[in-house]
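Heads up, the sequence shown is in full-length UniProt numbering, so the first residue is 1 and it goes up one at a time.
Every residue gets a Cβ at the ideal spot worked out from N, C-alpha and C, and that includes glycine.
Take a look at the structure set out below.
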Amino acid sequence: MRLLVLGGTGQTGKEVVDQALKAGHSVTAFVRNPDKVNTTHQNLKVVKGDVFNDKSLKPVVEGQDACRLVSWLPPENHNLSRDIQSLLQPSLQP
Numbered sequence: 001m002r003l004l005v006l007g008g009t010g011q012t013g014k015e016v017v018d019q020a021l022k023a024g025h026s027v028t029a030f031v032r033n034p035d036k037v038n039t040t041h042q043n044l045k046v047v048k049g050d051v052f053n054d055k056s057l058k059p060v061v062e063g064q065d066a067c068r069l070v071s072w073l074p075p076e077n078h079n080l081s082r083d084i085q086s087l088l089q090p091s092l093q094p
């Protein structure tokens, strides 16, 4: 499975990335700061971007089978997960 992880540098995000890699999945970690990614693996791709910017997010979504949002969201962006879902839905594989 090709898994996109939004927010792969925090404690939870790192765990999601590590478990997915151990399970044999191809993982794309979409992060603000790639220098915080300590994991290296042949099935890990790290992409710098901003979940609040559709232009940086949309290209990385294409070709993914699933997505996990583990990024912290400030209260003023409480609808972001719904907005991301609407952006991702057309691009994710059926």
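Judged by their CB atoms, Val46 and Val37 are nearer to each other than the 7 Å cut-off. In this chain, the beta strand (DSSP E) harbouring Ala29 covers Ser26 to Val31. Distance from the CA of Asp18 to the CA of Glu62, rounded to the nearest whole angstrom, comes to 22 Å. Boundaries around Val46 are those of the beta strand (DSSP E), Leu44 to Lys48, since no alpha helix (DSSP H) includes it. Per DSSP, the unbroken alpha helix (DSSP H) holding Val61 starts and ends at Asp54 to Val61.
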